[in-house]
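>
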Amino acid sequence: MDQGPERELFDPQRQAGDQDTCARWASDGLAREWDRLWSSGLEFYCRKYQAAGLTRRDLPDLAAIPLTTKAELRADEATFPPFGSYRSVGREAARFISTSSGATGRPQIHLRTALDQERWIESMRRHWWRAGLRAGDRLAQTWPPPPYSPPWALTLAPAEILEIPSGPPAAGGASPDQLSLWQALRPTAFMTTSSQLQLYEAAAGQLGIDLRALTEGTSVSIIEAACQFPEPAAWFADHYGFARVHNLSGASEVPGFIGSSCRFNTGIHQSADLVIVEVVDPSTGEEVGCGERGHLVVSAIGHDQFWLRYDLEDIVVRSDGPCPCGETGPRYTLIGRQADAVEVGGRTVLPLDVQLALFGQGAPEFRVAGTESGSLRVEIETDRPEGGTALEQCLIEHLEIPVTVTPVTPGTLPRSIFKPRHKG
Ligand SMILES: [Zn+2]
18 MDQGPERELF
28 DPQRQAGDQD
38 TCARWASDGL
48 AREWDRLWSS
58 GLEFYCRKYQ
68 AAGLTRRDLP
78 DLAAIPLTTK
88 AELRADEATF
98 PPFGSYRSVG
108 REAARFISTS
118 SGATGRPQIH
128 LRTALDQERW
138 IESMRRHWWR
148 AGLRAGDRLA
158 QTWPPPPYSP
168 PWALTLAPAE
178 ILEIPSGPPA
188 AGGASPDQLS
198 LWQALRPTAF
208 MTTSSQLQLY
218 EAAAGQLGID
228 LRALTEGTSV
238 SIIEAACQFP
248 EPAAWFADHY
258 GFARVHNLSG
268 ASEVPGFIGS
278 SCRFNTGIHQ
288 SADLVIVEVV
298 DPSTGEEVGC
308 GERGHLVVSA
318 IGHDQFWLRY
328 DLEDIVVRSD
338 GPCPCGETGP
348 RYTLIGRQAD
358 AVEVGGRTVL
368 PLDVQLALFG
378 QGAPEFRVAG
388 TESGSLRVEI
398 ETDRPEGGTA
408 LEQCLIEHLE
418 IPVTVTPVTP
428 GTLPRSIFKP
438 RHKG
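For the sequence shown, my numbering assigns the number 18 to the initial residue and increments by one for each residue that follows.
Next up, the structure:
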């Protein structure tokens, strides 16, 4: 096998295991984690699983283990402050920290050992390689600074890639300093979000800087769920001139759970040797069928942190069948967050459904504002007075549910300085 810089996968042995190998990683991993939780006396999980009638002696099937949600962990932290009784890594063992963004409440502190950090570095290095980054590349990233962000340079320096930490734009737009950093250093790759790029683009325009001259021909690792679909991905690549567009997905809680789409854009690849991924109906705990939407549920293998059937409450669709890149681990398309789902006419609608339906209408900025009298309420920016009716008709046709559109003046809906949000 070619081990040079032209090879498709960073670590073919770990990323292209055959079906039996991947199944063995999962079953051995589960057995180890099951034993560990009882032997180390992880109180939260011992209580929870005992209450469900499970015992240390009888290793259950994965599907028989109750799901755990972030709300349960938060409640446990409130009962046993500050860290709860669910953690396998405490202050003394921790060598690295990061925090959640706080977008869904008070930021949560993630404690990692050196081994956990190694898992994170492994999954990130697989991603950088998947995104086409090689020695000598220069990555501009716009993530919020520590303590939210882990030190990306730990994953980039061993790959001989320069990190250009640019930080998120302010709500009013990017600063000249941020853009001049890019002008001076000429990134060959970006890690950013679609809403951040819009702010950078607007600021560049005001300063007379051609943003496309900076993004042309580069690789982008992006948080923009629409780019998992061919037409928005092609538009995005064309608009900014990106040579490669790779969607990122993961969970900052779980170090080895960083995944991305490959150049064939067939779904988000995750690592079968680092995590077990399920797509689950949360009401039954069972896996849903191929093509069906379900919750993304992750279990960590070979971490010091303990994560077993952690329900991220992200809604995904599992991708089946081989990918031309040769990677064999779990793969899925990310549709949105359960918290952003709206029930209308017996259907569950997510902002991405609206976004994809509006794509053919010039992809206007919008916000899902809930429901009213059995109808989905959507605010959409348009400068055409009659535009609201046409947009409403378009959504009714695509979504096959009652929709009420409120046209709003362009530029009035709030812009996110980090992850794209389309829910009011
Ligand atoms: Zn692939």
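Just so you know, even glycine gets a beta-carbon here, dropped at the ideal spot from N, CA and C.
1. Taking the alpha-carbon of Lys-436 as reference, which of Pro-186, Ile-332, Val-359, Ser-316 has the nearest alpha-carbon?
2. Taking the straight line between their C-alpha atoms, what separation do you get for Arg-280 and Leu-231?
3. My understanding is that Asp-93 touches Phe-61, with C-beta atoms under 8 Å, so please give their C-beta distance in whole angstroms.
4. At 3 residues or longer, what runs of the beta strand (DSSP E) sit wholly inside the segment 332-407?
5. Considering only heavy atoms of ligand 1 and the C-beta of each residue, which residues fall inside 6 Å, strictly closer?
6. Could you have a look at Gly-308 and say whether DSSP puts it in helix, strand or coil?
7. Using 8 Å for Cβ pairs, my map puts Pro-168 next to Gly-184. What's the rounded Cβ distance?
8. Buried or exposed: which applies to Glu-409, given that a residue is buried once 16 or more other Cβ atoms fall within 10 Å of its Cβ?
9. If we count the other Cβ atoms within 10 Å of its Cβ and call it buried at 16 or more, is Pro-22 buried or exposed?
10. Decide if the segment 194-213 is in contact with the segment 232-248; the criterion is three or more beta carbon pairs, one per stretch, under 8 Å apart.
11. Return yes when the Cβ of Pro-381 is within less than 7 Å of the Cβ of Thr-406, no when it is not.
12. On the CB-based measure, 16 or more other CB atoms within 10 Å of its CB, does His-439 come out buried or exposed?
13. Just the C-alpha distance for Cys-412 and Ile-181, rounded to the nearest angstrom, thanks.
14. Thinking C-beta only, is Ala-33 closer than 7 Å to Gly-319?
15. Nearest by alpha-carbon distance to Tyr-165: which of Thr-426, Ser-192, Ile-114 is it?
16. List the residues that DSSP assigns as beta-bridge partners of Glu-295.
17. Where in the segment 30-98 do unbroken runs of the alpha helix (DSSP H), each at least 4 residues long, occur, reported from the N-terminal end onward?
18. Would you say Ala-176 and Trp-145 are within 7 Å of each other, going by their C-beta atoms?
19. Under the rule that 16 or more other beta-carbon atoms within 10 Å means buried, what is Ser-300, buried or exposed?
20. Within 10 Å of its beta-carbon, does Gln-451 have 16 or more other beta-carbons around it, so buried, or fewer, so exposed?
21. DSSP state of Tyr-327, grouped into three classes?
22. Just list the residues that DSSP pairs Met-208 with in beta bridges.
23. Could you say if the segment 288-302 and the segment 249-258 meet the contact criterion of at least three C-beta pairs nearer than 8 Å?
24. Pull the bridge partners of Ala-4 from the DSSP assignment, please.
25. What's the gap between the Cα of Glu-109 and the Cα of Ser-102?
26. Tell me, please, whether the segment 213-220 touches the segment 187-199 by the rule of three or more beta-carbon pairs shorter than 8 Å.
27. For a quick check, are the C-beta atoms of Val-315 and Phe-274 less than 7 Å apart?
28. Is the beta carbon of Val-271 less than 7 Å from the beta carbon of Trp-324?
29. What span of residues does the beta strand (DSSP E) with Ile-181 cover, start to end?
30. Sort Gly-284, Tyr-257, Ala-356, His-256 by Cα distance to Asn-264 and report the nearest one.
31. How would you label Thr-96, buried or exposed, when you count the other beta carbons within 10 angstroms and need 16 or more for buried?
32. Could you check what DSSP says for Pro-247 in three-state terms: helix, strand or coil?
33. Indicate the three-state DSSP secondary structure (helix, strand or coil) for Thr-276 in the structure shown.
34. Using CA coordinates, which residue listed in Thr-365, Gly-258, Glu-248 is at the minimum distance from Asp-227?
35. Can you check which of these residues, Gly-149, Arg-74, Ala-170, is closest to Trp-5 by C-alpha distance?
36. Could you check what DSSP says for Arg-203 in three-state terms: helix, strand or coil?
Let me lay it out:
1. On the sequence shown, position 419 is the one that residue 436 refers to. Closest in alpha carbon position to Lys-436, among Pro-186, Ile-332, Val-359, Ser-316, is Pro-186.
2. Start at 1 with the first residue of the sequence shown, and residue 280 comes out as number 263. Start at 1 with the first residue of the sequence shown, and residue 231 comes out as number 214. In a straight line, the C-alpha of Arg-280 is about 21 Å away from that of Leu-231.
3. Locating residue 93 in the sequence shown gives position 76, where the first residue counts as 1. Locating residue 61 in the sequence shown gives position 44, where the first residue counts as 1. That pair is a contact at about 5 Å.
4. Correct list: 348-354, 359-361, 364-366, 383-389, 392-398.
5. Here the list is Cys-279, Phe-281, Thr-283, His-286, Cys-340, Cys-342, Glu-344.
6. Residue 308 sits at position 291 when you count from the first residue of the sequence shown. Coil, per DSSP.
7. Sequence index remark: in the sequence shown, residue 168 carries index 151 (1-based). Sequence index remark: in the sequence shown, residue 184 carries index 167 (1-based). Wrong, their Cβ atoms sit about 14 Å apart, outside the cutoff.
8. The residue given as residue 409 occupies position 392 in the sequence shown. By the neighbour-count criterion, in which a residue is buried when 16 or more other Cβ atoms sit within 10 angstroms of its Cβ, Glu-409 is buried.
9. Sequence index remark: in the sequence shown, residue 22 carries index 5 (1-based). Looking at its Cβ environment, which holds fewer than 16 other Cβ atoms inside 10 Å, Pro-22 is exposed.
10. Touching, per the Cβ criterion.
11. As a working note, residue 406 is residue 389 in the sequence shown. As a working note, residue 381 is residue 364 in the sequence shown. No; because the gap between Cβ atoms is not below 7 Å, this pair is not in contact.
12. On the sequence shown, position 422 is the one that residue 439 refers to. With 16 or more Cβ atoms within 10 Å of its Cβ, His-439 is classed as buried.
13. Against the sequence shown, residue 412 aligns to sequence position 395. Against the sequence shown, residue 181 aligns to sequence position 164. Position check: residue 412 holds Leu in this sequence, whereas Cys was assumed. C-alpha of Leu-412 to C-alpha of Ile-181: approximately 40 Å in a straight line.
14. In the sequence shown, the residue the question calls residue 319 occupies position 302. In the sequence shown, the residue the question calls residue 33 occupies position 16. Cβ distance not < 7 Å, so Gly-319 and Ala-33 don't count as in contact.
15. Residue 165 sits at position 148 when you count from the first residue of the sequence shown. Per the Cα distances, Ile-114.
16. As a working note, residue 295 is residue 278 in the sequence shown. The beta-bridge partner set that DSSP reports for Glu-295 consists of Val-314.
17. Taking only runs of at least 4 residues, the alpha helix (DSSP H) segments lying wholly in the segment 30-98 are 36-56, 60-68, 87-96.
18. What you label residue 176 is simply residue 159 of the sequence shown in a count that begins at 1. What you label residue 145 is simply residue 128 of the sequence shown in a count that begins at 1. Yes, the Cβ-Cβ distance between Ala-176 and Trp-145 is below 7 Å.
19. Taking the sequence shown and counting its residues from 1, one reaches residue 300 at position 283. Result: exposed.
20. No answer is possible for residue 451: it lies beyond the span of the chain, which begins at 18 and ends at 441.
21. Residue numbering aside, residue 327 sits at position 310 when the sequence shown is read from its first letter. DSSP, read as helix, strand or coil, puts Tyr-327 in strand.
22. If you number the sequence shown from 1, residue 208 lands on position 191. In the DSSP assignment, the residues bridged to Met-208 are Gln-158, Ser-238.
23. In the pairwise beta carbon analysis, the segment 288-302 is classified as not touching the segment 249-258: fewer than three pairs are separated by under 8 Å.
24. The question about residue 4 has no answer here: the residues shown for the chain are numbered 18 through 441.
25. As a first step, residue 109 is located in the sequence shown; it is residue number 92 there, counting from the start. As a first step, residue 102 is located in the sequence shown; it is residue number 85 there, counting from the start. The alpha-carbon atoms of Glu-109 and Ser-102 are separated by roughly 15 Å.
26. The way I'd put it, the segment 213-220 does touch the segment 187-199; three or more beta-carbon pairs between them come closer than 8 Å.
27. Counting from one through the sequence shown, the residue named residue 315 turns up at place 298. Counting from one through the sequence shown, the residue named residue 274 turns up at place 257. Yes, Cβ-Cβ distance for Val-315 and Phe-274 is below 7 Å.
28. Here residue 271 refers to the residue found at position 254 of the sequence shown. Here residue 324 refers to the residue found at position 307 of the sequence shown. Yes, these two residues count as a Cβ contact at 7 Å.
29. Within the sequence shown, the letter at position 164 stands for residue 181. Segment 179-182, the beta strand (DSSP E) holding Ile-181.
30. Position 247 of the sequence shown, counted from the first residue, corresponds to residue 264. When each option's Cα is compared against that of Asn-264, the closest is Gly-284.
31. Here residue 96 refers to the residue found at position 79 of the sequence shown. Answer is exposed; the Cβ neighbour count stays below 16.
32. For the purposes of this step, residue 247 is taken as the residue at position 230 of the sequence shown. The three-state reading of DSSP puts Pro-247 in helix, counting H, G and I together.
33. In the sequence shown, the residue the question calls residue 276 occupies position 259. For clarity, residue 276 is Gly in the given sequence; the question names Thr instead. Residue state, collapsed to three classes: strand.
34. Residue 227 sits at position 210 when you count from the first residue of the sequence shown. In terms of Cα proximity to Asp-227, the closest of Thr-365, Gly-258, Glu-248 is Gly-258.
35. This structure gives no information on residue 5, because the portion of the chain shown stretches from 18 to 441.
36. On the sequence shown, position 186 is the one that residue 203 refers to. DSSP places Arg-203 in coil when its eight states are reduced to three.
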